[in-house]
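Notes follow once the structure below has been shown.
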Ligand code: BV8
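In the working numbering, the protein residues as written are 1 to 231.
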């Protein structure tokens with residue numbers, strides 16, 4: 001059974017990492033145009049580096065929850081081919097044991113050179129003045145996809161979606177594209193679609209089904225059903 005799972009900030013909420021659009025979400029404290037766009041970085045790189053340094057420090061302290069662990073079990077199960085696509089830039093899926101995680105919006109743990117596009121493992125704190133290990137220029141930025149930038153691995157993701165038997169969206173508000181459009185793509189190709197979220201998302205009506213509640217409860221129950229109670 002080919003399953004494609006898309007996760008968003010909601011799966012990491014119970015691990016203590018903030019979401020974006022919930023009551024005390026990140027976008028209620030920062031204007032996304034200031035900290036998650038190339039224009040914002042050009043205007044005030046120190047603000048953006050500080051925003052990501054704080055999130056990197058948070059993410060280092062966070063631990064995977066039962067939802068991350070259930071997906072790692074699903075990936076390891078016989079008879080299931082799981083493709084895990086995440087919008088999240090934390091590494092909680094990897095910490096829980098997932099191996100083939102597709103980070104379509106990049107990763108906090110990685111650095112990117114804005115001058116030569118070299119990528120390397122980021123340190124705890126990042127500054128614009130950090131020289132690129134490859135070209136030496138002070139053009140260091142977080143290796144994350146900002147608004148207006150092309151998400152990573154899109155061709156591979158669409159190929160996986162069209163070949164899936166089931167598409168499951170977990171912990172995302174369905175407000176950011178192209179990720180929010182995956183369910184419609186899957187549906188057009190006759191793929192069964194399911195939403196697992198705290199509450200119905202903006203595009204819940206597009207899904208064939210939905211189960212609602214905290215991911216740490218809903219995801220392990222769903223995985224147990226898929227694995228026939230062995231999950
Ligand atoms: C693109 C960066 C095109 C890393 C993020 C004008 C110009 C250009 C593009 C656009 C434009 N206007 C619109 C667009 C498209 C734009 C977009 O969609 N904008 C929106 C605002 C309308 N998209 C883009 O720009 C994308 N790129 O289109 O490129 C292009 C084409 C050709 C050439 C070049 C470019 C890029 C989008 C990526 C932006 N980067 N993050 C970082 O800082 O983290 S987006 C950020 O928000 C996240 O990465 C995530 O993807 C996104 C959505 O967040 P969610 O994960 O869904 O979190 P949210 O808080 O919203 O929701 C949480 C959910 O969890 C809720 O539903 C809640 O109920 C639930 N929940 C909470 N607790 C729990 C829970 N569920 C379960 N259990 C719980 N305990």
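Even for Gly, the Cβ is constructed at its ideal location relative to N, Cα and C.
Residue i: CB within 7 Å of a non-hydrogen atom of ligand 3
i: residue 222; result: Judged by which ligands are present, ligand 3 is missing from the structure shown, whose ligands are ligand 1.
Residue i: CB within 7 Å of a non-hydrogen atom of ligand 1
i: residue 21; result: yes
i: residue 175; result: yes
i: residue 36; result: yes
i: residue 178; result: yes
Beta-carbon spacing of residue i, residue j below 8 Å
i: residue 111; j: residue 140; result: yes
i: residue 88; j: residue 163; result: no
i: residue 104; j: residue 179; result: yes
i: residue 172; j: residue 17; result: no
i: residue 196; j: residue 226; result: no
i: residue 66; j: residue 200; result: no
i: residue 72; j: residue 15; result: no
i: residue 44; j: residue 125; result: no
i: residue 58; j: residue 83; result: no
Option in the options with minimal Cα separation from residue i
i: residue 77; options: 126, 8, 98, 58; result: 98
i: residue 24; options: 13, 70, 92; result: 13
i: residue 209; options: 115, 133, 194, 152; result: 194
i: residue 211; options: 181, 168, 174, 118; result: 168
i: residue 34; options: 155, 102, 228, 148; result: 148
Per DSSP, cross-strand counterpart(s) of residue i
i: residue 141; result: 112
i: residue 120; result: 111
i: residue 2; result: 81
i: residue 103; result: 86
Ordered list of beta strand (DSSP E) runs contained in the stretch 166–215, each at least 3 residues: Listed in chain order, they are 166–170, 192–197, 209–212.
Continuous alpha helix (DSSP H) assignments of at least 4 residues falling wholly in the stretch 7–95: Every alpha helix (DSSP H) of 4 residues or more that sits fully in the stretch 7–95 is shown, in chain order, as 26–29, 32–35, 38–43, 45–61, 66–76, 92–95.
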